[in-house]
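Just below is one structure, and these are the notes that go with it.
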Amino acid sequence: MTEGLITLALILVKLGMVFFVLLSGAAYLVLIERKLLGRMQLRYGPNRAGPGGMFQPLADAIKLITKEDLIPAQADKVIFFVAPGLATLTALLAFAVVPFAPPMTVFGREVPLVVCDLNIGVLYFLGLSSLAVYGVALGGWASNSKYALLGGIRSLAQLLSYELAMGLSLVPVVLMARSFSLTDIVLAQQNLPFAVLNPLAFLIFLISVAAESKRIPFDLPEAENELVAGFHTEYSGMRFGLFFVGEYINMMILGAMVTVFFLGGWQGPWLPPILWFLLKVLAVAFLFIWMRATLPRLRYDQLMHFGWKVLIPLSLVNVLITGAVLLAMQN
Amino acid sequence: MILWRDIKGTVQPFWVTLRNLLRRPVTVQYPEEQRALPVRTRGRIVLTRDPDGGERCVACYLCSAACPVDCISMQAAEALDGRRYAVWFRINFARCIYCGLCAEACPTLAIQMTPEFAFCKDDPLDMVYEKENLLIDHGGKDQEYNFYRHAGIGVVNPRGGNDDEDPPLDAKSNLP
Ligand code: SF4
Ligand code: SF4
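Residue numbers (the UniProt record's numbering), protein chains in the order written: chain A, 1 to 331; chain B, 1 to 176.
Structure below.
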């Protein structure tokens, strides 16, 4: 009885911590991004709220909550309400399978530092990231505005196309690790991270991840010049904020995924594993921010062209080559 | 070759933004650091006086006519010496777009733009400035100019007696 209670308590604590770190991480990622973008464009970025702009996320939250929340008269109310939550929820759920450190011993029992170590973690992750499109597409549709609808459709097409490249670039990883479980994949990178073993897959995954998280230069669902704002045109206040937070949680998830699949997860010398994991996730996040500061938005046809005619064939070829090399090594 | 150009064009900018991280931002931290604005900045509007301390404005309505948003209004009157002046003069700064057309139109250099721009209020009615709020006690950008020393009916000098004026012509004297 008490055994079960302790297990339950440990799981709850673990869940709470993951939740807390993820949400506050997303909030401060916004601040870090704004600061870094500022510096890269020779500005300071937010520096008014609190020392060095520390309380900016709080100020933003207060602003978003107290803002007027508009609902278009002809909107599909239920879906309109649900869509932003869906966008955030799918992003949050994906973190369930991410291992962030090797198992730890608490009260004489082994606690795996992952919310749920699925043996098909890769598939779970891919499935959830395809679900993420629902939040955006439904949000665009429920607003009953042509601009929002167009934004939703664009993101639908974009996310679906890059989903393929992403899935295909994970096949070599699964081949090399011989497992679908994320923990096993991390353990398989004991000697060399897969980014070094298979740089092509790494690159393809990185690009499709940037497209999946709808970040510049792939932020076409939002293209404010053509679409006013995109799928969230009709959203305001905290409802818009949820889309926004979802995007940043997504960025952390995808950063964690890049870390797990290609950068060797929590493994690294000297530092404690969890720190290594965090550092790697932040490094990926920095890369995305850097990319945003540097590259202009792609045109829509260029985006589709790049996805279908370059990334997907390339990742298919990569699957073949990796398979051939692994086979040759076996014999 | 085109591929090479594309790759170079994609990779090179990353170096530029990374380098910027180490450079000092060029931002002026506004409320603490205030830049001295150029005199030609179009900020709050004032009514100036001529070197003798008289009001420059002759209530000709030219500024009011030139204003694209119709935010200037006034009432003209005539003093005992025949000089025109504005009984009241009103600018609604809540509507003004600071285009400077009024200052451009003014023949007497009465209405002028100043570099002051930080004077917003909570209540739009507080942005309506009356003549006593607008009138300052110097000549603004041109301290010397006095309209009545160059033109106008004999207010300062007898008619035609100004420096660059010819005496009035007696039309009957040059009949054929
Ligand atoms: S600056 Fe332009 S808008 Fe303002 S009062 Fe003068 S003419 Fe009108
Ligand atoms: S301010 Fe200048 S333009 Fe306007 S009424 Fe007076 S003299 Fe005329």
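Backbone N, C-alpha and C fix where the C-beta goes; we use that ideal spot for every residue, glycine too.
Among the options, nearest to residue i - alpha-carbon criterion
i                : options                                : result
Val69 (chain B)  : B:Arg95, B:Thr27, B:Leu3               : B:Arg95
Val284 (chain A) : A:Leu298, A:Ser179, A:Leu311, A:Gly255 : A:Gly255
Val87 (chain B)  : B:Gln112, B:Gly53, B:Tyr61, B:Cys67    : B:Tyr61
Gly139 (chain B) : B:Trp4, B:Val16, B:Pro13, B:Arg49      : B:Arg49
Ala27 (chain A)  : A:Gly264, A:Ala293, A:Leu242, A:Pro269 : A:Leu242
Val16 (chain B)  : A:Thr90, A:Val325, A:Ala293, A:Gly307  : A:Ala293
Leu192 (chain A) : A:Ala177, A:Ser181, A:Phe205           : A:Ala177
Cys71 (chain B)  : B:Gln143, B:Tyr145, B:Glu130           : B:Glu130
Val209 (chain A) : A:Gln190, A:Val258, A:Val171, A:Pro99  : A:Val258
Ile207 (chain A) : A:Trp308, A:Leu182, A:Tyr147           : A:Trp308
Gly152 (chain A) : A:Tyr235, A:Gly4, A:Gln41, A:Leu175    : A:Tyr235
Leu128 (chain A) : A:Glu226, A:Met166, A:Pro269           : A:Met166
Tyr114 (chain B) : B:Ala36, B:Ser64, B:Leu175             : According to the sequence provided, residue 114 (chain B) is Thr. The question's Tyr does not apply to it. The residue with the shortest Cα to Cα distance from Thr114 (chain B) is B:Ala36.
Ala49 (chain A)  : A:Met40, A:Ala61, A:Arg39              : A:Ala61
Gln158 (chain A) : A:Thr233, A:Leu29, A:Leu298, A:Pro112  : A:Leu298
Gln302 (chain A) : A:Ala211, A:Phe286, A:Leu200           : A:Ala211
Trp290 (chain A) : A:Ala9, A:Gln41, A:Glu163, A:Ser24     : A:Gln41
Ile120 (chain A) : A:Leu149, A:Phe180, A:Leu92            : A:Phe180
Ile136 (chain B) : B:Lys8, B:Pro51, B:Arg159, B:Gln12     : B:Pro51
Gln143 (chain B) : B:Arg159, B:Leu169, B:Gly54            : B:Gly54
Alpha helix (DSSP H) segment containing residue i, residue limits
i                : result
Ile204 (chain A) : 199-212
Val21 (chain A)  : 2-40
Tyr248 (chain A) : 237-262
Gln189 (chain A) : Segment: none, Gln189 (chain A) is in no alpha helix (DSSP H) and carries neither H nor E.
Arg299 (chain A) : First-last for Arg299 (chain A): undefined, no H or E at that position.
Leu163 (chain A) : For the sequence presented, residue 163 (chain A) should be read as Glu rather than Leu. Residues 146-177.
Lys280 (chain A) : 273-294
Arg63 (chain B)  : In the sequence on display, residue 63 (chain B) carries Cys and not Arg. Start and end: 62-66.
Met329 (chain A) : 312-330
Lys18 (chain B)  : What sits at residue 18 (chain B) in the sequence shown is Leu, not Lys. 2-21 is the span of the alpha helix (DSSP H), which, as asked, contains Leu18 (chain B).
Glu224 (chain A) : 224-227
Pro31 (chain B)  : Taken as a continuous stretch (DSSP letters only), Pro31 (chain B) belongs to no alpha helix (DSSP H), as it is neither H nor E.
Ala59 (chain B)  : Looking at the DSSP string, Ala59 (chain B) is not in any alpha helix (DSSP H), and its letter there is neither H nor E.
Asp170 (chain B) : From DSSP, Asp170 (chain B) is part of no alpha helix (DSSP H); its letter is neither H nor E.
Pro57 (chain A)  : 56-66
Chain-order list of residues whose beta-carbon lies under 7 Å from that of residue i (same chain, five-residue window excluded)
i                : result
Ala79 (chain B)  : Tyr85
Thr108 (chain B) : Arg56, Cys57, Val58, Phe147
Ile168 (chain A) : The residue you asked about is not Ile; residue 168 (chain A) is Leu in the sequence shown. Excluding residues within five positions, the ones whose Cβ falls inside 7 Å are Ile312, Ser315, Leu316, Val319.
Tyr300 (chain A) : Arg154, Leu220
Gly85 (chain A)  : Leu242
Phe125 (chain A) : Ala94, Val97, Met257
Asn92 (chain B)  : Cys71, Met127, Val128
Residue i Cβ short of 7 Å to ligand 1 heavy atom set
i                : result
Ala66 (chain B)  : yes
Gly43 (chain B)  : no
Leu22 (chain A)  : no
Gly140 (chain B) : no
Tyr98 (chain B)  : yes
Cys71 (chain B)  : yes
Cys57 (chain B)  : no
Cys120 (chain B) : no
Leu101 (chain B) : yes
Ile216 (chain A) : no
Ile136 (chain B) : no
Heavy atom of ligand 2 within 7 Å of residue i beta-carbon
i                     : result
Met113 (chain B)      : no
Pro107 (chain B)      : yes
Ala110 (chain B)      : yes
Met54 (chain A)       : no
Leu62 (chain B)       : yes
Met251 (chain A)      : no
Met291 (chain A)      : no
Met238 (chain A)      : no
residue 344 (chain A) : Coverage of chain A is limited to positions 1 through 331, which leaves residue 344 (chain A) absent and any answer about it impossible.
Range covered by the beta strand (DSSP E) that runs through residue i
i               : result
Val46 (chain B) : 45-47
Beta-carbon contacts of residue i that lie in its chain and below 6 Å, excluding the five residues immediately before and after
i                : result
Phe202 (chain A) : Ala195, Phe262
Lys121 (chain B) : Met127
Lys214 (chain A) : Pro221
Asp117 (chain A) : Thr183
Pro46 (chain A)  : Arg34, Gly53, Gln56
Ile79 (chain A)  : Leu138, Ala142
Residue i Cβ short of 7 Å to ligand 3 heavy atom set
i                : result
Met127 (chain B) : The ligand content of the structure shown is limited to ligand 1 and ligand 2, which means ligand 3 is not among them.
Own chain residues within Cβ distance below 8 Å of residue i, not counting five before or after
i                : result
Ala65 (chain B)  : Ala105
Leu271 (chain A) : Leu279
Please list the segments of the alpha helix (DSSP H) lying wholly inside the stretch 72-153 of chain B, counting only runs of 4 or more residues, in order along the chain. 101-105, 131-134
Length-filtered (3 minimum) beta strand (DSSP E) runs lying within the stretch 71-121 of chain A: 101-106, 109-113
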